[in-house]
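Q: Residue numbers (this note's numbering): 38 to 216.
Pasting a structure below so you can have a look.
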């Protein structure tokens, strides 16, 4: 993150100037405090939102668009139905973007420069309604898949329950092999 911060700060200041936006920083952990202090020292104007997951989800829900680096920020943005641009430091975020059907929403950190950020943001921000619709449609498909998995898991657990019953026949007891 440290090598990218100067570019990201210039980019965010430009976004504030050209789009008249209000920025939110959604703090997930106390370890982010030095980054927040640095952004304040660089005169970046933003509202800080921190707290338990429900507070963060409400913060994400207030956004029109999310710029992030961490996978969990992508997850929160998608859960809130908000399009995002993730500066991916590893393949997890890129795989998540592909899983959601929005691979264009992830940018490898090695590719980051001001021109690329501006271009990608402009394209994604302009198409944020379409991205939102794609995210919601994909979430429905994934929810159906999750429901099918849950049903199969329950069926398999019920089928195999007698294998794991103890002498009193109660599920959850484990039979141990005597030595």
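For glycine and all other residues, C-beta sits at the position ideal for the given N, C-alpha and C.
All of these numbers come straight from a predicted model, not from anything done at the bench.
Could you check if residue 170 is buried or exposed, using at least 16 other CB atoms within 10 Å of its CB as the buried criterion?
A: Taking the chain shown and counting its residues from 1, the one referred to as residue 170 is at position 133. The residue is exposed, with fewer than 16 neighbouring Cβ atoms inside 10 Å.
Q: In angstroms, rounded to a whole number, what distance separates the CA positions of residue 58 and residue 187?
A: For the purposes of this step, residue 58 is taken as residue 21 along the chain shown, with counting starting at 1. For the purposes of this step, residue 187 is taken as residue 150 along the chain shown, with counting starting at 1. Each residue's Cα considered, the two are about 42 Å apart.
Q: Give me the Cβ distance between residue 85 and residue 64, rounded to the nearest whole Å; I'm assuming they're in contact under 8 Å.
A: As a first step, residue 85 is located in the chain shown; it is residue number 48 there, counting from the start. As a first step, residue 64 is located in the chain shown; it is residue number 27 there, counting from the start. Confirmed, about 6 Å.
Q: According to DSSP, residue 116 sits in a beta bridge with which residue or residues?
A: What you label residue 116 is simply residue 79 of the chain shown in a count that begins at 1. DSSP lists no partner for residue 116.
Q: Quick one: measure Cβ to Cβ for residue 46 and residue 76, integer angstroms, because I've assumed they're closer than 8 Å.
A: Stepping through the chain shown from its first residue, residue 46 is reached at position 9. Stepping through the chain shown from its first residue, residue 76 is reached at position 39. About 7 Å; that satisfies the 8 Å criterion.
Q: With DSSP as the reference, identify every bridge partner of residue 103, one or two as the case may be.
A: As a first step, residue 103 is located in the chain shown; it is residue number 66 there, counting from the start. DSSP lists 121 as partners of residue 103.
Q: How about residue 137 and residue 180: do their beta carbons lie closer than 7 Å?
A: To locate residue 137, count along the chain shown from 1; it is residue 100. To locate residue 180, count along the chain shown from 1; it is residue 143. Cβ distance not < 7 Å, so residue 137 and residue 180 don't count as in contact.
Q: Smallest Cα separation from residue 157: which of 143, 182, 114?
A: In the chain shown, counting from the first residue as 1, residue 157 sits at position 120. That would be 143, whose Cα lies nearest to the Cα of residue 157.
Q: Which of the three DSSP states, helix, strand or coil, is assigned to residue 44?
A: For the purposes of this step, residue 44 is taken as the residue at position 7 of the chain shown. The answer is helix: DSSP assigns residue 44 an H, G or I state.
Q: Using the C-alpha atoms, what's the distance from residue 62 back to residue 70?
A: Residue 70 sits at position 33 when you count from the first residue of the chain shown. Residue 62 sits at position 25 when you count from the first residue of the chain shown. Roughly 11 Å between the two C-alpha positions.
Q: Following the continuous beta strand (DSSP E) through residue 64, name the residue where it begins and the one where it ends.
A: By 1-based counting over the chain shown, the position of residue 64 is 27. Where residue 64 is concerned, the enclosing beta strand (DSSP E) stretches over 60-64.
Q: Compute the Euclidean distance between the alpha carbons of residue 87 and residue 93, then round it to the nearest angstrom.
A: Reading the chain shown from its first residue, position 50 is the one you call residue 87. Reading the chain shown from its first residue, position 56 is the one you call residue 93. So the alpha carbons of these two residues sit roughly 6 Å apart.
Q: In the DSSP assignment, what are the bridge partners of residue 145?
A: Position 108 of the chain shown, counted from the first residue, corresponds to residue 145. Residue 145 is bridged by DSSP to 125.
Q: From what residue to what residue does the alpha helix (DSSP H) around residue 86 run?
A: Taking the first residue of the chain shown as 1, we reach residue 86 at position 49. Unbroken run through residue 86 is the beta strand (DSSP E), 83-87; no alpha helix (DSSP H).
Q: Tell me, please, whether the CB atom of residue 49 is closer than 7 Å to any CB atom in chain C?
A: Absent here is chain C; the protein component of the structure consists of one chain.
Q: Measuring straight from C-alpha to C-alpha, what distance separates residue 53 and residue 196?
A: Against the chain shown, residue 53 aligns to sequence position 16. Against the chain shown, residue 196 aligns to sequence position 159. If I take the Cα positions, the gap works out to 58 Å.
Q: As a quick exercise: from 89, 73, 90, pick the residue whose alpha carbon is nearest that of residue 83.
A: Translated into the one-based positions of the chain shown, residue 83 becomes position 46. Nearest C-alpha to residue 83: 73.
Q: Please report the residue range of the alpha helix (DSSP H) in which residue 200 lies.
A: In the chain shown, the residue the question calls residue 200 occupies position 163. Neither: residue 200 is in no alpha helix (DSSP H) and is coded neither H nor E.
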